[in-house]
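Heads up: the sequence lines are chains A and B, in that order.
All the letters of the first sequence, read from the start, carry residue numbers 1 to 211 under the numbering used here.
All the letters of the second sequence, read from the start, carry residue numbers 1001 to 1715 under the numbering used here.
Structure first, commentary second.
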Amino acid sequence: MKEYTTLVVALILSYLVMNGQSRYEKEMQSALDSLNSSEELQDFKKVVNKFEQISRVEKDKWLPHYYVGYVYTVMTYFDKDTESRDLALDKAQEYVEKARRLKPKNEEISILQAYIYQSRFFISPMTRLTTFVKSSKAIAKVVELYPDNPRANLLQGIQFFHKPSFLGGGSNKAKPFFKKAEKLFTNDESKNLFYPNWGRETNKYYSDKCK
Amino acid sequence: MKKLILFMIVINSFFKVIAQTQISGKVTDVDGLPLVGANIYIKDSYDGATSDLAGNFSFTTTTTGTQLLVAQYLGYYSVEKKIDLTKNSINISFILKEDDTSLEPVVLVAGSFDASDEKKAVVLKPMDIVTTASAAGDIYGALSTLPGNQTVGEQGRLFVRGGEAYETITHIDGLQVESPFLFRLQGIPTRGRFSPLLFSGTMFSTGGYSAEYGQALSSVLLLSTNGIPEEDKINISLYSLGLGVSQTKKFKKSGYTLSLDYSNLQPYFDIVPQTSEWEKAPETFYSTFQFVAETKNDGLNKTLVSYNSDRSNILYPYYGFDQPNIPISLVNDNIFIKNSHKEYITDNTKIKAGISFNYDKTVIGLDTTAINDKLITGQLKIALTTSFSNKVKLVYGADGFYKNFKETLTTTSDKLDLTFNDFQGALFTEAQFSPSKKLAFRFGVRGEYSNTLENNIMPRVSAAYKINKHSQFSFAYGIFNQNPAYQYLKFTDKLKPERASHYILNYQYKNKNRVFRVEGYYKEYDNLVTFITENATDEDNYQNNGFGYAKGIDVFYRDGETIKNGDFWISYSFLDTKRLHKDFVRFATPTFFSNHNLSLVYKQWISKIKSHLGMSYTFTSGRPYFDPNKSDDFFLSDRTKNYNNLSINYSYDLSSLTKIPVTFYTSVSNVLGSKNIFGYRNAFNSNTNSYDLIPVQPQADRFYLIAFFITLSNK
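Written out as structure tokens, the structure reads:
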């Protein structure tokens, strides 16, 4: 009988845990899973809505805010409309600032900020010279501060890759950064649950292009 | 145990069944079009969905009672609706309205082409200057493809809306540049002294500009120099006319760029025959030093030092005399130094201050006569901007300008000195008021004091109204004064400034990378200088009796959207202008201006072959000239034939072959070889007892340029 009681308590507890406390984790996990399987703009819109919803409930957690900013940024690479890309990045900017207020001086947040600047430039590479300078500065800074972060190295690689070689860019200059990022990605385990670890595929895509 | 587990499962599913409500519906905009990817959610819960491609959404929720259902979409106002979750299913639809606050605010664009703020300005970007085919890397060459500009092939300067070249003034970081062009004789086209690579921002105004700028009748060109460089590098350029080297060094909060450039047209002239005969082709040395440093309070301090020297000997035809060409030697040295500083002195007041010095010396040697011109100018300027709120902004400041001009004429027997000195001070203030994102006004006034000329008060007004997300109207009015040129002031001190009034109405449509604008204007000229050539040295010869008008319509369309990796713009200007000025015998259209000007510029980046291809086409209808064999009634009544020029350029990234970044660049102007005539000079022929008309032609039918640009960086 005693065993029964323990079992019942355990069951009730697990039930409560499943439906209560872990809702955040469940929702985050499902949003991240959807993010990993996203292929087109509509998928990303769904995911970003999901993260935004989580961030509205979990007002004091920085990660949902971070991911809203991240997905709005990634989304711009699947969108052809320059105007809505700028709007998405305005939104990304808003959320990266929210995340920073919740978690000041976080390296991933600084890197995301640099990523947003870079994406701003890619909306119109032919015409956004000032934005280019701004993003180059931000990226150089995160690489200097966090030389062992694979995402910082990836961004630096991308920046050089798309910079015309007569201005000091080109694939030869980008390659070492993709190489370094590749190495760093192999040990890039999430430090804790849901901690940012994106970029592996993008890095592979670019390092293949550099060969 | 089994029973218990079963019980738990039943309880669990029972709760779920009981508490679940299905919510579905549709999200559309006010026109009934579906909004794809809108977020629909129950406030303060995890439950929600995203609308699909048809705008439909559907989800289930376990929340109960009365809740708020929110629909939100990027760029639209969110809508909240109360729902009662007692039913099993709810069907609810949303109509979302576009959010005005995400509108870009209206901009005062009448008369101006802004090329600095990247998100807003889609009109002309700094890079466009370098890549415009007909420009051959010259700032002024690229700007002349914009509407309102007249192509004047034998000059190379800007002629804006019926205004002569001297009516356009160039400013660098807010400071006036007294001699922005290389010195060339009449009929030989010049180009800008400063490389477009020095600047990252260009604002070109064809009228109605701010009270901050004075001393320009028609137009101002505002160039802003580069900020702190991004990295260390060395640039080398080798081109068919010369070579250049520049070194850029970046420090933590500052950086410099030093550039040296040498060009000599002699080898080129040896290969490609020129219309003019040169004893010594133009040989030019350019050097610039730029230093930029960040200072406290978001401040930035920029220094530019430029030295430029130019030498040439031309054999100038002795029109109308049966004599060999006379050799004329030209020597020009120019120094321009400026320092400008900006910073926030309080949270909402920004100060911009600058000081500049300019020294320009020209020696023209003509047989045994030498004309020695020396111009020294200095400027000090302070401008403050205070923002009282995001709706009200006030700009105020002062400007001091000192000018000293001295001309010495030396012949074997005689020496004549002509001088002109002036100190001019100005105060300006301007209030900008934007009651909403759709409406903006600017009221300004500029007062100028001069110790030799008349004092002036000049009002300036502009307004803009946004009709909808993509289109707006703007209007500008202003009075603009400019002191007469040194060539008159050296003889007399009795002249007043010349004056122009501008009235401009502008409509602009902008959507993504497409811009369409139409601008109509009317410009009235007063107090223009008149004289009789024969009495050149008599001081009473110069009067302010001239007047005139210019009116027209400028149309501009730019599209960077339709063609992938391509970009093109079309400018068309219609101009009607007449004046009585200088030595005119009748009220007439000056020789520079034609009724129709058309430019088409096209650029294409082809990534597959790492090439950039550019093309530009310019057409201008015939320009007036005077046939002195006819009576004065026919003064400037004849027209030259139309002008046509198709230029192309091509650049190729050679890096994959050379391992270091190298770009190959080539351009050819007037590919079709059109025989263009700019106008006619006349010369009296004593044999026929009549005037001969001598056509003014380009220096060569085509101009070729080949260049290699190499970049070395230490990374």
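Glycine included, C-beta positions come from ideal geometry on N, C-alpha and C.
Please read all numbers here as calculations on a predicted model, not as lab measurements.
Range of the contiguous alpha helix (DSSP H) that encloses N203(A): Looking at the DSSP string, the run of the alpha helix (DSSP H) that includes N203(A) is 200 to 210.
Beta-ladder partner(s) of P1624(B), from DSSP: Partner(s): R1639(B).
Segment contact flag, the region 1162 to 1173 of chain B with the region 1629 to 1636 of chain B, C-beta cutoff 8 angstroms, min 3 pairs: Segments in contact, no.
One or two residues paired with A1463(B) in a DSSP bridge: Under DSSP, A1463(B) takes part in a beta bridge, and its partners are F1441(B), F1475(B).
Min CB distance N1039(B) to chain A below 9 angstroms: Closer than 9 angstroms to some Cβ of chain A, the Cβ of N1039(B) qualifies, so yes.
Contacts around Q1482(B), its chain only, beta-carbon distance under 7 angstroms, and the 5 residues preceding and following it disregarded: Around Q1482(B): E1167, Q1215, A1216, L1217, P1497, E1498.
Given 8 angstroms, three or more beta-carbon pairs between the region 1222 to 1229 of chain B and the region 1676 to 1689 of chain B: No, because fewer than three Cβ pairs between the region 1222 to 1229 of chain B and the region 1676 to 1689 of chain B fall closer than 8 angstroms, the two stretches do not touch.
DSSP state of F178(A) mapped onto helix, strand, coil: Secondary structure of F178(A) (DSSP, three-state): helix.
Contact the region 1515 to 1534 of chain B vs the region 1546 to 1565 of chain B: 3+ CB pairs below 8 angstroms: Of all C-beta pairs linking the region 1515 to 1534 of chain B to the region 1546 to 1565 of chain B, three or more are shorter than 8 angstroms, placing the two stretches in contact.
Residue nearest to V1027(B) in terms of C-alpha spacing, selected from L1035(B), Y1691(B), F1269(B): In terms of CA proximity to V1027(B), L1035(B) leads the group L1035(B), Y1691(B), F1269(B).
Proximity winner among T1061(B), I1095(B), G1055(B), relative to D1031(B) (alpha-carbon distances): Of T1061(B), I1095(B), G1055(B), the residue nearest in Cα terms is I1095(B).
Residue environment, Q1155(B), which counts as buried when at least 16 other CB atoms sit within 10 Å: Result: buried.
A140(A) - DSSP class collapsed to helix/strand/coil: A140(A) falls in the helix class under three-state DSSP.
is_contact[A1536(B), chain A] using C-beta, thresh 9 angstroms: Not a single C-beta of chain A is nearer than 9 angstroms to the C-beta of A1536(B).
Contacts that P1105(B) makes with chain E (C-beta to C-beta distance below 9 angstroms): The chain labelled as chain E is not found among the protein chains of the depicted structure, namely A and B.
Contact list for S1655(B) against chain A, beta-carbon separation under 9 angstroms: Chain A residues near S1655(B): P164, S165, F166, G170, S171, N172.
Contact belief for L1197(B) with I1314(B) at Cβ below 8 angstroms, rounded distance in angstroms: Contact check for L1197(B) and I1314(B): beta-carbon distance about 29 angstroms, past the 8 angstroms limit, so the pair fails to qualify.
Endpoints, alpha helix (DSSP H) assigned at G69(A): In the DSSP annotation of this structure, the continuous segment of the alpha helix (DSSP H) that includes G69(A) starts and ends at 62 to 75.
Any chain A beta carbon closer than 9 angstroms to G1227(B): Interface residue, yes.
Interface flag, G1299(B) vs chain A, CB-CB below 9 angstroms: No, its Cβ sits nowhere closer than 9 angstroms to a Cβ of chain A.
DSSP state of P1196(B) mapped onto helix, strand, coil: In the structure shown, P1196(B) sits in a helix (DSSP, three-state: H, G or I).
As assigned by DSSP and simplified to three states, the class of Y195(A): Correct three-state label for Y195(A): coil.
Q1053(B): contacting residues in chain A (beta-carbon distance under 8 angstroms): With the sequence shown as reference, residue 1053(B) is identified as Leu, and Gln is not the correct amino acid for it. Within chain A, Q42 have C-beta atoms less than 8 angstroms from the C-beta of L1053(B), given in sequence order.
Cβ contact (3+ pairs, closer than 8 angstroms) linking the region 117 to 126 of chain A and the region 95 to 105 of chain A: Contact between the region 117 to 126 of chain A and the region 95 to 105 of chain A is absent: fewer than three C-beta pairs spanning the two stretches fall below 8 angstroms.
Presumed contact (8 angstroms Cβ cut-off) between A174(A) and A138(A), rounded CB distance: The pair is not a contact, with the Cβ atoms about 17 angstroms apart (cut-off 8 angstroms).
Per-residue contacts from I54(A) into chain B (C-beta, under 8 angstroms): Going along chain B in sequence order, the residues near I54(A) (Cβ under 8 angstroms) are Y1046.
K98(A) at chain B interface by Cβ criterion, 9 angstroms: Judged by the 9 angstroms Cβ criterion, K98(A) is not in contact with chain B.
Simplified DSSP assignment, three categories, for E1118(B): Unreliable placement is indicated for E1118(B), whose pLDDT of 44 sits below 50; the coordinate value is still reported in the next sentence. In the structure shown, E1118(B) sits in coil (DSSP, three-state: anything other than H, G, I, E or B).
Stretch pair the region 1284 to 1296 of chain B + the region 1243 to 1257 of chain B: three plus CB contacts closer than 8 angstroms: Cβ pair count under 8 angstroms is three or more, so yes.
Same chain only: Cβ atoms within 7 angstroms of V68(A), ignoring 5 sequence neighbours per side: In the same chain as V68(A), and ignoring 5 residues on each side of it, the C-beta atoms closer than 7 angstroms to its own belong to V48, F51, E52, S55, Y95, in chain order.
Contact list for L1074(B) against chain A, beta-carbon separation under 7 angstroms: The contacting residues are S84, L87, A88, K91.
According to DSSP, residues forming a beta bridge with Y1449(B): Y1449(B) is bridged to G1425(B).
3-residue-minimum beta strand (DSSP E) runs that sit fully inside the region 1244 to 1288 of chain B, ordered along the chain: Entirely contained in the region 1244 to 1288 of chain B, the beta strand (DSSP E) runs reaching 3 residues are, in chain order, 1254 to 1264.
Integer-rounded CB distance, given that D1047(B) should sit under 8 angstroms from T1061(B): By a beta-carbon distance limit of 8 angstroms, T1061(B) contacts D1047(B). Their separation comes to about 4 angstroms.
K1233(B) classed as buried or exposed, judged by whether at least 16 other C-beta atoms fall within 10 angstroms: Its Cβ being crowded by 16 or more others within 10 Å, K1233(B) is buried.
Within-9 angstroms CB hit, A1216(B) to chain A: Answer no: the Cβ-Cβ gap between A1216(B) and chain A never drops below 9 angstroms.
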